[in-house]
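In UniProt numbering, the protein residues as written are 1 to 113. A virtual CB, placed ideally from N, CA and C, is assigned to each residue, including glycine. Just below is one structure, and these are the notes that go with it.
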């Protein structure tokens, strides 16, 4: 299962970097979202997959799962949602003002590669 998750994380990182290197602002925002999802899966995988152990210590339980990776991921999901919403608002406002989502045109460069 860890190998499958590693391949999926690698694909998410690859797609995120590819999208973040593009010139369209919307593709950059989608790339940052994919990068955060890949990081969430990486933290979850490094925390350990599988097992029937409960994440809560109770009387008589000697084997339990570590709840810290899940707590970190939930916090990171909320933060990445807020950052993505902020990026989308900024991109929408920039599109209203500049009438483009091309990063080179936003900088004032007239080169159309």
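- Counted as a single uninterrupted DSSP element, the alpha helix (DSSP H) harbouring residue 16 occupies residues 2-20.
- Exposure of residue 68 is indicated by the presence of fewer than 16 other C-beta atoms within 10 angstroms of its C-beta.
- Counting every other CB atom within 10 Å of its CB across the protein chains shown gives residue 53 a total below 16, marking it as exposed.
- Contact between residue 40 and residue 73 holds, with the beta-carbon distance rounding to 5 Å and staying under 8 Å.
- Residues 24, 25, 26 and 95 of the same chain have their beta carbon placed closer than 6 Å to that of residue 101, with the five preceding and five following residues left out of the count.
- Setting aside the 5 residues that flank it on each side, residue 12 is surrounded in the same chain by 34, 35, 37, 38 and 41, each with a C-beta closer than 8 Å to its C-beta; the list follows chain order.
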